[in-house]
Structures are given as C-alpha cells and as structure tokens.
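Participant: My questions all concern the structure below.
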Amino acid sequence: MPDQQKSLTAATAFRFVLILGIANGFADLTYEGARSVTGQFLGYLGANAAIIGFTAGLGELLGYALRSLSGYLGDKTGRYWLVTIIGYSVNMLAVPALALAGSWPLAAGLIVAERTGRAIRKPSTDA
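Positions in the sequence shown are counted from 1; adding 101 to them yields the numbering used here.
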C-alpha cells in the first residue's frame with residue numbers, strides 16, 4: 102500500500118507541475134503579446150511619446166523593485182504559492198482589461214499593474 106500511495110503522490114505532483122508549467126507558458130504568451138503592442142496601443146488612445154516612455158519606465162522600475170520585495174516576503178513567510186497566485190491573479194485581471202480600456206490613463210495603469218503582477222509572481226516561480 103505505501104508504494105501505491107507514493108506513486109499516486111508522485112503522479113499528482115507531476116500533474117501539478119505540468120499544469121503550472123502550462124499556465125506559466127500561457128501567462129508568458131499573454132505577457133509577450135500585450136507587451137509588444139503597449140506603445141502603439143497607448144498612442145492609439147491619445148498618449149504622447151513622453152507618456153508612453155514614462156509608463157514603460159515606471160512599469161519596469163516597479164517590476165524590478167517589487168521582485169526583491171516579493172522574493173523576500175516569499176522567503177520570510179514560506180508562502181510561495183500564495184505569492185505566486187497573487188501575481189498570476191493580477192496578470193489575469195490586468196491583461197484582458199487592457200482590451201476594455203478606452204483611455205490612455207486607464208491603459209497606462211493596467212500596463213503598470215501587469216508589470217507589477219509579473220514582478221510579484223516571478224521570484225516565487227523561480228524558487
């Protein structure tokens with residue numbers, strides 16, 4: 102019986118890792134797809150070049166700054182899955198909401214939120 106339980110646990114763990122890998126792949130696809138058109142999208146909504154550059158820079162700044170913080174929190178609390186799920190949730194809300202953004206300030210906020218979500222989840226998925 103212990104061997105059967107061990108194999109069930111291994112199969113469950115493999116299935117979980119596989120599903121998480123697929124989810125991460127789709128999240129990266131949406132991230133790359135959304136990231137490649139953000140400048141043009143903001144321009145279409147009426148933002149000028151300075152606003153587009155500021156939005157991109159702010160997103161990157163917050164993204165890299167929050168990676169340290171979320172990595173520290175994940176290590177300190179040991180709740181890597183919670184941190185990862187929060188990051189994925191922010192991404193899953195921000196990227197599709199970009200399609201509904203009708204003004205550049207809203208779109209800029211969602212772009213920064215998307216970068217924030219990626220920053221929150223990235224250290225925990227790499228741990």
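No residue lacks a Cβ here, since even glycine has one placed at the ideal position from N, Cα and C.
Using only alpha-carbon positions, find the residue among S225, A214, W182 that is nearest to L161.
Facilitator: Residue 161 is actually Glu in this sequence, not Leu. Among S225, A214, W182, the Cα nearest to that of E161 belongs to A214.
Participant: In the DSSP assignment, find the alpha helix (DSSP H) that holds L170 and state where it starts and stops.
Facilitator: Looking at the DSSP string, the run of the alpha helix (DSSP H) that includes L170 is 150 to 178.
Participant: Can you tell me whether G179 is buried or exposed, with buried defined as 16 or more other CB within 10 angstroms of its CB?
Facilitator: Per the 10 Å Cβ criterion, exposed.
Participant: One question on the structure: do L183 and I221 come within less than 8 Å of each other, judged by their Cβ atoms?
Facilitator: no
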